[in-house]
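In the numbering used here, the protein residues as written are 47 to 345.
Even glycine gets a Cβ: it sits at the ideal position worked out from N, Cα and C.
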């Protein structure tokens, strides 16, 4: 078993596990009741209910596969559409069987009713924003991690991102650094002095526009003239991060990886480019690190 698989078992959402077990038991009851009902009702048993059972079984097989492969977030809309169809199928089968007398039809109806209820909860869960109150309530019964967010996180970790090793001492604010960076998997060193150090130390600043406004032009104490040199030193580091992005979800950097950058949902900051699964970002405080692209949107 891989590390990702072990983490997936530890992160199993209680709502997902319990609802899936109930859905599977409900399907067995509906299937057994349908077999008995078809014998007692002969040709009066609704034929379309068999397809409803098959379609529900396909979903019950598909869900664990999507969960195990960390691809639920890729197929979210498809999953919601299929669950909606299954909800209609099960509701229709319930309506066709619930009015018959007999234990077999009652059992089949009960199985279809429970399947419809669970499908409705799954539609609510997968079709809503992960930060909505209803979804947060369902997640609170387990470890608190949403399945869609977990799927995005593990998929991003599996795809990997460049690891940058820094050598040399950090440059003080206002001093050009001559450090070098080595990209894992390659032999080339990137000189911070010659090629523009992407992790050059920059004095943090925070103002009304979250640090993305045009920097104020300092005035000379005697002549009240603008210091172009200081202004140029302040602007040039931000020129390497021209793209504004916004966090879709909260992301906490791994304590084992100093190259990652934490951010909050709705936080606006800049990234260097949007290629690959991990983007190099810089927040309003001047912190620089790698961010998972599936947690961000370009604005």
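Reduced DSSP category for residue i - H, G, I as helix; E, B as strand; rest coil
i	result
residue 314	strand
residue 322	coil
residue 157	helix
residue 145	coil
residue 135	helix
residue 169	helix
residue 334	strand
residue 297	strand
residue 79	helix
residue 64	helix
residue 179	helix
residue 302	coil
residue 339	helix
residue 286	coil
residue 174	coil
residue 186	coil
Beta-carbon gap between residue i and residue j smaller than 8 Å
i	j	result
residue 349	residue 104	Nothing can be reported for residue 349: it is not among the residues displayed for the chain, which extend from 47 to 345.
residue 125	residue 61	no
residue 102	residue 59	no
residue 165	residue 127	no
residue 286	residue 311	no
residue 150	residue 95	no
residue 129	residue 169	yes
residue 320	residue 300	no
residue 153	residue 78	yes
residue 65	residue 183	no
Cβ neighbours of residue i in the same chain (closer than 8 Å, five flanking residues each side left out)
i	result
residue 345	290, 291, 292, 314
residue 73	99, 102, 103, 106, 157, 161
DSSP beta-bridge partners of residue i
i	result
residue 291	315, 344
residue 328	316, 334
residue 309	297
Residues of its chain near residue i, where Cβ-Cβ distance is below 6 Å and the 5 sequence neighbours each way are ignored
i	result
residue 337	307, 325, 327
residue 144	155
residue 111	none
residue 140	155, 158, 159
residue 309	293, 297
residue 163	none
Same chain, Cβ closer than 7 Å to residue i, five either side skipped, listed in chain order
i	result
residue 148	86
residue 174	180, 181
Proximity test, Cβ basis, 8 Å: residue i and chain C
i	result
residue 175	The chain labelled as chain C is not found in the depicted structure, where only one protein chain is given.
**Request:** Counting only runs of 4+ residues fully inside the segment 85–141, write out the alpha helix (DSSP H) ranges in chain order.
**Result:** 94–114
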